[in-house]
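Q: If you're matching positions, the sequence shown starts at 1 in full-length UniProt numbering and goes up one per residue.
Glycine residues also receive a C-beta, built at the ideal position from the N, C-alpha and C atoms.
Quick one: the structure is below, and I'll ask about it shortly.
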Amino acid sequence: MLLRLQNEILELIASGERLEATLDHLCRLIEERVPRIACSVLLVQDGLLRPLAGPKLPEYYARALDGIAIGPDVGSCGAAAYLAQPVAVQDILTDAKWAPYRHLIKPLGYRACWSSPIKKADGSVVGTFAFYYEEPRGPSRIERKLVAASIHLCTIAIERHHRAMERHRLAYHDALTGLPNRAAFDRHANQIARDGLGLILLDLDNLKFTNDTFGHRVGDELIKEVAARLHSVTEHLFRLGGDEFAIICEARDIDELRDLAASCLSLLKAPACCGGHTVLPLATAGGALCKPGVTMEVTRHQADLALYHAKDTAKGLFQAFDATVATAITSRLNAIRDVTLALAENRIVPFYQPVVDLRTGKFVGVEALCRIRRQDGSYASAAEFFEAMHDAHIASEITGRMLDKMTSDVTGWRRQGIEIGHIAINVTAADFQTGGLKERLSRFVDRVGIAPRNVIVEVTETVYLEQRANAIRDTISDLRAADFKIALDDFGTGYAALSHLLKVKVDIIKIDRSFTKLMESDSGAAAIVEGMVEIARRMDIEVIAEGVETVSHASLLREMGCILAQGYFYSKAVDARSYAELVLSMTSAARLPS
């Protein structure tokens, strides 16, 4: 009998049958061979009893036992699990261990219960195996042999189940946070996709900064802290990998989705202590609603687009997917496609606009501006493909191509006897973050034979204020130490204040054309420009006014003490050949109007 029993159960285990079904079959085989008994198997999880098999015992009895804490006086099974040794109660009606549970078992007609612990190889108790008898008695010699064999089979089955569960956990759970992972998200999302659900994707903005600054151990602590905070407001939280989390939630409309996202982002505003360092979790979120007939894959794509858009336009906030987002993303993708093609076909062309000394009217420098030559021979300005510059790879490629073309142009001018004074190039955040900017600029000055102090690196306020990335601040300092000049472009149009100039030094500020244009008609604009010129002078920072289009603009700026300017009044941006012709023509003239 034992051999057949073992063979049948081992075959079920080997075939991968569910644990419940395997042990239920074991109980039934024993009950068929041993009259007037009921057999049961309970698991022990976190110190609690969990019914697993018991064919003869009613459902209500199993429910009553479920979740009971093990202990020395908790019936036969609870005591066997607690004491890690067999417990034989020969009369349930009189034994104190059964007093709290007597009312449950008495109607079933069982008078005795013998329970044995099921142990793993390390001795820890993972379950119990019990016989219930219809008369007061203990186990017979044959029953002891049968139970010993059954416990061995239970151990094999439970350990196999635990290994399978661990494999499942590793496959579907993130090792760092314990949250369900991307595979779990894909499986779960496809199963529950329906109208009335929403999806939020949340991305940490400063994980790379944290890793680079404090090390990956601190970064890991930050991820775990964020996971814990988010899990406090939502159960359906997934870590998709890296710095990205996903939340599936009930949401009838965008407002409900936005409210949950706001709660999540609000939770992350408080500083966190990670590995002995104080870190501020910074995150951006995008979301979308599941619509009738739309798969979760499409919803995920929409939420991804919303997140992508938010990180570029509203970092730190939530963006819901809508038609505006779709249009913006389409525009960006088109721009990326056009610029990628232009790079491949060598249609990136520098145009040059002179910088003029307002006191003399002479050219003292030039700014290189990127243009793309269209298929029809016309040129697209940077504003027309600005969206593509959000792509770090493309932005860096553009800068490299511009420096190559500028090298050729400046070398050609110098052969014609044209000295450029200073030359400015616009760079992006990507140029700072990908590294190597100083080396690229150093190669440029070596090739053309000019001093680094004659090269101006122009950055916008957006790039300048991107203090989440230490790379920008450090690279600006390194460039100035190497004698390159830093100009803050379009000053006054964004969030930069003069106080920021005390933290990260620059050499030049460029007054945006919007102020220059209004100087004649708006006394407030004139006062702002004059104030910027005076404060910059006191801080030993040069000023270049952009957008000078009339003799009145030039006169007003000169009266305010502004020395340098550029704009259509002197020349629009032109290609290298036209710029050379312009400079040579000015050489024969007395000077430009001033």
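Just the C-alpha distance for residue 280 and residue 124, rounded to the nearest angstrom, thanks.
A: The residue given as residue 280 occupies position 280 in the sequence shown. The residue given as residue 124 occupies position 124 in the sequence shown. Spanning the two alpha carbons is a distance of roughly 42 Å.
Q: If we ignore side chains and look at the alpha-carbon of each, how far apart do residue 83 and residue 28 end up?
A: Locating residue 83 in the sequence shown gives position 83, where the first residue counts as 1. Locating residue 28 in the sequence shown gives position 28, where the first residue counts as 1. So the alpha carbons of these two residues sit roughly 27 Å apart.
Q: Under 8 Å by Cβ, that's how I've got residue 205 and residue 283 pegged, so tell me the actual separation to the nearest angstrom.
A: Working through the sequence shown from its first residue, we reach residue 205 at position 205. Working through the sequence shown from its first residue, we reach residue 283 at position 283. Their Cβ separation, rounded to whole angstroms, is 6 Å, which keeps residue 205 and residue 283 in contact under 8 Å.
Q: Using a Cβ-Cβ cut-off of 7 Å (strictly less than) and excluding sequence neighbours within five positions of residue 324, which residues of its own chain qualify?
A: Along the sequence shown, read from residue 1 onward, the residue named residue 324 stands at position 324. Hits under 7 Å: none found.
Q: Within the continuous beta strand (DSSP E) that includes residue 345, where are the two ends?
A: As a first step, residue 345 must be located in the sequence shown, where it is residue number 345. Residue 345 -> no beta strand (DSSP E), and no H or E assigned at all.
Q: Does the contact criterion of 3 or more C-beta pairs under 8 Å hold for the region 355-372 versus the region 423-431?
A: Because the criterion of three Cβ pairs below 8 Å is met, the region 355-372 and the region 423-431 touch.
Q: To the nearest angstrom, how far is it from the Cα of residue 106 to the Cα of residue 93?
A: For the purposes of this step, residue 106 is taken as residue 106 along the sequence shown, with counting starting at 1. For the purposes of this step, residue 93 is taken as residue 93 along the sequence shown, with counting starting at 1. Going by the C-alpha atoms only, they are around 8 Å apart.
Q: Please go through the region 95-183 and give each complete beta strand (DSSP E) segment of 3 or more residues, from N-terminal end onward.
A: If we require 3 residues or more, the beta strand (DSSP E) runs fully inside the region 95-183 come out as 112-119 and 125-133.
Q: Assess, as a yes-or-no matter, whether the region 334-348 is touched by the region 538-545 under the definition of 3 or more beta carbon pairs within less than 8 Å.
A: In short, these stretches do not touch, since the Cβ pair count stays below three.
Q: Nearest to residue 385 by alpha carbon, out of 231, 359 and 341?
A: Taking the first residue of the sequence shown as position 1, residue 385 is located at position 385. It is 341.
Q: In this structure, how does DSSP classify residue 50 when only helix, strand and coil are distinguished?
A: Here residue 50 refers to the residue found at position 50 when the sequence shown is read from its first residue. Residue 50: strand per DSSP, three-state reduction.
Q: Quick check: the Cα distance between residue 427 and residue 473, rounded to an integer number of angstroms?
A: On the sequence shown, residue 427 is found 427 positions in, with the first residue counted as 1. On the sequence shown, residue 473 is found 473 positions in, with the first residue counted as 1. Those two C-alpha atoms are separated by around 14 Å.
Q: Excluding five sequence neighbours on each side, which residues of the same chain lie with their C-beta closer than 8 Å to the C-beta of residue 50?
A: Here residue 50 corresponds to residue number 50 of the sequence shown, with the count starting at 1. If we look at residue 50 and ignore the five residues flanking it on each side, its Cβ neighbours are 42, 43, 44, 66 and 67.
Q: Taking only runs that begin and end inside the UniProt domain "GGDEF" (195-323), name each unbroken beta strand (DSSP E) of 3 or more residues, in chain order.
A: The qualifying runs are 197-204, 237-241, 244-250, 272-274, 277-279, 283-289 and 318-320.
Q: Alpha carbon to alpha carbon, how far is residue 586 from residue 396?
A: Residue numbering aside, residue 586 sits at position 586 when the sequence shown is read from its first letter. Residue numbering aside, residue 396 sits at position 396 when the sequence shown is read from its first letter. Going from the Cα of residue 586 to the Cα of residue 396 covers about 35 Å.
Q: Starting from residue 78, trace the alpha helix (DSSP H) both ways and give me its first and last residue.
A: Position 78 of the sequence shown, counted from the start, is the residue given in the question as residue 78. Taken as a continuous stretch (DSSP letters only), the alpha helix (DSSP H) holding residue 78 covers 75-83.
Q: Cα separation between residue 525 and residue 517?
A: For this step, residue 525 is matched to residue 525 along the sequence shown. For this step, residue 517 is matched to residue 517 along the sequence shown. Between residue 525 and residue 517, the C-alpha separation is close to 9 Å.
Q: Throw me the rounded Cβ distance for the residue 38 and residue 32 pair, which I believe falls under 8 Å.
A: As a working mapping, residue 38 is identified with position 38 in the sequence shown. As a working mapping, residue 32 is identified with position 32 in the sequence shown. Actually they are not in contact, since the Cβ atoms of residue 38 and residue 32 sit about 12 Å apart, beyond 8 Å.
Q: Based on DSSP bridge pairs, tell me the residues matched to residue 535.
A: Position 535 of the sequence shown, counting from 1, holds the residue named residue 535. Answer is none; residue 535 lacks a bridge partner.
Q: May I have the straight-line CA-CA distance separating residue 111 from residue 231, to the nearest angstrom?
A: Looking up residue 111 in the sequence shown gives position 111. Looking up residue 231 in the sequence shown gives position 231. For residue 111 and residue 231, the distance between alpha carbons rounds to 47 Å.
Q: Where does residue 44 sit, in a helix, a strand or coil, going by DSSP?
A: Counting from one through the sequence shown, the residue named residue 44 turns up at place 44. Residue 44 falls in the strand class under three-state DSSP.
Q: Look at the alpha carbon of residue 242 and the alpha carbon of residue 564, and state the distance between them as a whole number of angstroms.
A: Taking the first residue of the sequence shown as 1, we reach residue 242 at position 242. Taking the first residue of the sequence shown as 1, we reach residue 564 at position 564. Rounded to the nearest angstrom, the two C-alpha atoms are 48 Å apart.
Q: What runs of the alpha helix (DSSP H), each 4 residues or longer, lie entirely inside the region 376-421?
A: Entirely contained in the region 376-421, the alpha helix (DSSP H) runs reaching 4 residues are, in chain order, 392-415.
Q: Starting from the C-beta of residue 55, find all residues in its chain whose C-beta is less than 7 Å away, skip the five residues before and the five after it, and write them out in chain order.
A: What you label residue 55 is simply residue 55 of the sequence shown in a count that begins at 1. 24, 27, 28 and 31, listed in sequence order.
Q: Would you call the region 447-465 and the region 400-415 touching, i.e. three or more CB-CB distances under 8 Å?
A: Contact holds: three or more Cβ-Cβ distances are below 8 Å.
Q: Residue 367 lies in the beta strand (DSSP E); which residues open and close that run?
A: Counted from its first residue, the sequence shown places residue 367 at position 367. Unbroken beta strand (DSSP E) run through residue 367: 363-373.
Q: On the premise that residue 461 lies in contact with residue 490, defined as a C-beta separation below 8 Å, what is that separation, rounded to the nearest angstrom?
A: As a working note, residue 490 is residue 490 in the sequence shown. As a working note, residue 461 is residue 461 in the sequence shown. With 8 Å as the limit, residue 490 and residue 461 qualify as a contact, their Cβ atoms being about 6 Å apart.
Q: Work out the CA separation of residue 399 and residue 479 for me, nearest whole Å.
A: Looking up residue 479 in the sequence shown gives position 479. Looking up residue 399 in the sequence shown gives position 399. Between residue 479 and residue 399, the C-alpha separation is close to 16 Å.
Q: Residue 165: buried (16+ other C-beta within 10 angstroms of its C-beta) or exposed?
A: In the sequence shown, residue 165 corresponds to position 165, counting from 1. Answer is exposed; the Cβ neighbour count stays below 16.
Q: Using a 10 Å radius around the Cβ and a threshold of 16 neighbouring Cβ atoms, would you call residue 249 buried or exposed?
A: Start at 1 with the first residue of the sequence shown, and residue 249 comes out as number 249. It is buried - the Cβ of residue 249 has at least 16 other Cβ atoms within 10 Å.
Q: Just the C-alpha distance for residue 147 and residue 129, rounded to the nearest angstrom, thanks.
A: Looking up residue 147 in the sequence shown gives position 147. Looking up residue 129 in the sequence shown gives position 129. Computed Cα separation, rounded: 8 Å.
Q: Just how far apart, CA to CA, sit residue 372 and residue 351?
A: Position 372 of the sequence shown, counted from the start, is the residue given in the question as residue 372. Position 351 of the sequence shown, counted from the start, is the residue given in the question as residue 351. Those two C-alpha atoms are separated by around 10 Å.
Q: Please state the DSSP three-state secondary structure of residue 352.
A: One-based indexing of the sequence shown puts residue 352 at position 352. It is a strand residue.
Q: Determine the DSSP secondary structure at residue 581, reduced to helix, strand or coil.
A: Numbered from its first residue, the sequence shown carries residue 581 at position 581. If DSSP states are grouped into helix, strand and coil, residue 581 belongs with the helices.
Q: On the premise that residue 348 lies in contact with residue 401, defined as a C-beta separation below 8 Å, what is that separation, rounded to the nearest angstrom?
A: Start at 1 with the first residue of the sequence shown, and residue 401 comes out as number 401. Start at 1 with the first residue of the sequence shown, and residue 348 comes out as number 348. Yes, they are in contact, since the Cβ atoms of residue 401 and residue 348 sit about 4 Å apart, within 8 Å.
Q: Hey, is the region 282-296 in contact with the region 218-225, meaning 3+ C-beta pairs nearer than 8 Å?
A: The region 282-296, when compared against the region 218-225, does not touch it at the 8 Å Cβ threshold.
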